[in-house]
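From first to last, the protein sequence lines stand for chains A and B. Using numbering that gives the first Met the number 0, you'd call the opening residue of the first sequence number 0 and step up by one each time. Using numbering that gives the first Met the number 0, you'd call the opening residue of the second sequence number 0 and step up by one each time. Note that beta-carbon positions come from the ideal geometry of N, C-alpha and C, so glycine has one too.
2 protein chains.
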Amino acid sequence: MARTKSYDHFCAIARSLEIVGEKWTLLIVRDLLRGPQRFSDLRRFMGGITPKWLTNRLRELEAEGIVERDSVSGRREVWYRLTPKGRDLAPVLESLTIWGINHAMRPPEPGEALYPEVFLQGTTTYLNSRGLRLPSPSTWVFRFDAGSPVTIRFDGERWSATPGESEADLVGATTAADLLAFLMARVRDRAPLVAALHLEGSPEALAVFRTALVREPASSARLPRKSEPQSTR
Amino acid sequence: MARTKSYDHFCAIARSLEIVGEKWTLLIVRDLLRGPQRFSDLRRFMGGITPKWLTNRLRELEAEGIVERDSVSGRREVWYRLTPKGRDLAPVLESLTIWGINHAMRPPEPGEALYPEVFLQGTTTYLNSRGLRLPSPSTWVFRFDAGSPVTIRFDGERWSATPGESEADLVGATTAADLLAFLMARVRDRAPLVAALHLEGSPEALAVFRTALVREPASSARLPRKSEPQSTR
DNA sequence: CTGAATCCGACACGATACTG
DNA sequence: CAGTATCGTGTCGGATTCAG
Numbered sequence: 000m001a002r003t004k005s006y007d008h009f010c011a012i013a014r015s016l017e018i019v020g021e022k023w024t025l026l027i028v029r030d031l032l033r034g035p036q037r038f039s040d041l042r043r044f045m046g047g048i049t050p051k052w053l054t055n056r057l058r059e060l061e062a063e064g065i066v067e068r069d070s071v072s073g074r075r076e077v078w079y080r081l082t083p084k085g086r087d088l089a090p091v092l093e094s095l096t097i098w099g100i101n102h103a104m105r106p107p108e109p110g111e112a113l114y115p116e117v118f119l120q121g122t123t124t125y126l127n128s129r130g131l132r133l134p135s136p137s138t139w140v141f142r143f144d145a146g147s148p149v150t151i152r153f154d155g156e157r158w159s160a161t162p163g164e165s166e167a168d169l170v171g172a173t174t175a176a177d178l179l180a181f182l183m184a185r186v187r188d189r190a191p192l193v194a195a196l197h198l199e200g201s202p203e204a205l206a207v208f209r210t211a212l213v214r215e216p217a218s219s220a221r222l223p224r225k226s227e228p229q230s231t232r
Numbered sequence: 000m001a002r003t004k005s006y007d008h009f010c011a012i013a014r015s016l017e018i019v020g021e022k023w024t025l026l027i028v029r030d031l032l033r034g035p036q037r038f039s040d041l042r043r044f045m046g047g048i049t050p051k052w053l054t055n056r057l058r059e060l061e062a063e064g065i066v067e068r069d070s071v072s073g074r075r076e077v078w079y080r081l082t083p084k085g086r087d088l089a090p091v092l093e094s095l096t097i098w099g100i101n102h103a104m105r106p107p108e109p110g111e112a113l114y115p116e117v118f119l120q121g122t123t124t125y126l127n128s129r130g131l132r133l134p135s136p137s138t139w140v141f142r143f144d145a146g147s148p149v150t151i152r153f154d155g156e157r158w159s160a161t162p163g164e165s166e167a168d169l170v171g172a173t174t175a176a177d178l179l180a181f182l183m184a185r186v187r188d189r190a191p192l193v194a195a196l197h198l199e200g201s202p203e204a205l206a207v208f209r210t211a212l213v214r215e216p217a218s219s220a221r222l223p224r225k226s227e228p229q230s231t232r
């Protein structure tokens with residue numbers, strides 16, 4: 000990209016980083032992996048990016064053939080979407096997600112932007128990396144007090160999170176903070192946190208959810224126990 | 000890291016990039032993945048990094064628990080090596096390598112740093128991603144007019160490149176540029192480039208090499224043909 | 001209200017020289 | 001060999017403004 004971002008080094012990693020290694024670039028790709036987005040969607044999800052830099056990054060990504068602009072004729076909105084070259088960055092973002100969850104996560108700080116679309120995308124990536132499976136394909140929808148719903152799907156093989164609502168086996172109604180608290184807790188600490196998700200669905204679907212994600216405390220083990228700070232999903 | 004590198008965003012990717020997203024950081028990890036290195040080794044492989052920034056990055060990586068310093072007592076040398084947390088970054092570098100080879104590589108430019116250790120590391124990552132296999136485990140050593148030899152190994156499952164020399168089925172003696180020209184050529188254009196590798200080994204080992212990496216031109220197809228610029232390994 | 005452009009200050013980084 | 005020191009430039013954040 001810019002001259003100072005060049006490494007002058009014959010190496011695929013260096014070349015890749017010259018293209019996608021600048022600030023914000025990979026976060027833009029992360030958001031576009033969920034589907035096309037408008038300028039203001041991107042701006043919102045990105046927390047503090049200034050419009051100037053969002054514009055710059057989008058132009059650079061366009062010039063590199065990673066992003067395409069769609070202006071819907073008649074409307075003033077501009078939609079940005081990934082090209083196949085951009086979609087091929089998914090493994091990079093997945094490996095960064097897995098490393099981050101294993102080595103760099105801490106509970107959200109007060110002022111931090113917290114979007115279910117974003118952290119559920121990370122959650123499903125992590126579930127895939129851990130090989131968690133359900134006995135059968137399942138679809139769960141989470142609705143939030145503020146913000147759009149998200150659909151989590153296990154297709155029998157892999158997990159995915161997509162924005163919006165689909166026909167679901169299970170529907171939860173909660174807040175971003177409560178869902179995150181549930182996900183960041185160790186499986187054996189989750190039982191008291193399930194209630195806040197307000198899950199609704201068939202008894203079978205509820206059982207599938209709890210079996211996979213919650214370890215019920217043995218009733219004889221109700222004594223308070225030293226809890227480690229480290230979370231284990 | 001620095002305040003301006005913070006994203007204030009609850010997202011594993013953002014967190015990871017705050018730690019390893021600054022310039023040079025991932026290239027340092029790339030080099031340390033081949034094994035412990037001294038300050039000056041790192042400086043050499045990195046092309047143009049200034050000592051000040053190499054020091055900065057190493058200190059930050061140390062503070063993050065990604066790199067450890069080893070001062071051999073009595074000697075002035077300092078060896079840097081990865082911690083397990085640092086080694087866990089390997090998938091990130093592999094996915095960047097694969098994306099870069101598929102979407103961002105071009106022939107080396109005149110002034111560009113060109114190290115066999117580095118591009119053979121990328122080559123084996125790419126071979127693994129393509130699933131190329133040999134009929135049996137094999138070890139190939141390449142010696143260079145300038146620079147240290149590199150051992151390429153296929154263990155029956157995966158490829159790896161390690162610095163130094165081991166007992167080998169096949170030994171090549173060549174230059175970095177000639178080996179790179181061979182690797183970047185399409186399989187069907189490689190036959191005339193093999194000679195420059197000066198391979199020595201049993202006829203069986205040579206046959207394994209050529210079968211896997213070279214497509215011999217049919218003698219009836221010797222007519223010149225339009226060549227595409229795109230390389231296919 | 002969306003999708004930008006502009007000016008300014010902070011600091012990340014590069015180039016060069018020098019030290020224990 | 002393994003760093004420091006100094007100084008210039010480019011990248012980025014913050015605030016404001018502008019056009020459709």
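{"query": "Decide if Arg214 (chain B) is buried, meaning its Cβ has at least 16 other Cβ atoms within 10 Å, or exposed.", "result": "exposed"}
{"query": "To the nearest whole angstrom, what separates the beta carbons of Ile97 (chain A) and Tyr125 (chain A), a pair I think is in contact under 8 Å?", "result": "6 Å"}
{"query": "For Ile100 (chain A), return the contacting residues in chain B, with the cut-off set at a CB-CB distance below 7 Å.", "result": "Ala11"}
{"query": "Using a C-beta cutoff of 9 Å, does Glu17 (chain B) count as contacting chain A?", "result": "yes"}
{"query": "Assign Ser39 (chain B) to buried or exposed, taking buried as 16 or more other Cβ atoms, counted over all protein chains shown, within 10 Å of its Cβ.", "result": "exposed"}
{"query": "Given a cut-off of 9 Å on the beta-carbon distance, is the pair Ala167 (chain B) and Gly146 (chain B) in contact?", "result": "no"}
{"query": "Under 8 Å by Cβ, that's how I've got Ile27 (chain B) and Leu41 (chain B) pegged, so tell me the actual separation to the nearest angstrom.", "result": "6 Å"}
{"query": "Measuring only between beta-carbons, confirm whether Ser72 (chain B) sits less than 9 Å from chain A.", "result": "no"}
{"query": "Is the distance from the Cβ of Phe181 (chain A) to the Cβ of Val170 (chain A) below 9 Å?", "result": "no"}
{"query": "Residues of chain A with a CB under 7 Å from the CB of Glu111 (chain B): which are they?", "result": "Asp7, His8, Phe9"}
{"query": "Can you give the Cα-Cα distance for Ile18 (chain B) and Glu21 (chain A), rounded to whole angstroms?", "result": "13 Å"}
{"query": "Within 8 Å, do at least three Cβ pairs link the segment 65-84 of chain B to the segment 79-86 of chain A?", "result": "no"}
{"query": "Among the residues of its own chain, which have a CB less than 6 Å from the CB of Ala172 (chain A), if the five just before and after it don't count?", "result": "Arg142, His197"}
{"query": "Would a C-beta distance cut-off of 9 Å place Glu103 (chain A) and Ala11 (chain B) closer than the cut-off?", "result": "Residue 103 (chain A) is actually Ala in this sequence, not Glu. Closer than 9 Å, so yes."}
{"query": "Is the separation between the beta-carbon of Asp177 (chain A) and that of Ala204 (chain A) shorter than 9 Å?", "result": "no"}
{"query": "Taking the runs of the alpha helix (DSSP H) that are 4 residues or longer, which of them lie wholly in the segment 182-222 of chain B?", "result": "202-212"}
{"query": "Starting from Leu169 (chain A) and walking both ways along the beta strand (DSSP E), at which residues does that stretch end?", "result": "169-173"}
{"query": "Nearest CA to the CA of Arg209 (chain A): which residue from A:Thr161, A:Glu156, A:Trp139, A:Thr24?", "result": "A:Trp139"}
{"query": "Looking at chain B, is there any beta carbon in it that lies within less than 9 Å of the beta carbon of Gly163 (chain A)?", "result": "no"}
{"query": "DSSP three-state call for Arg56 (chain B): helix, strand or coil?", "result": "helix"}
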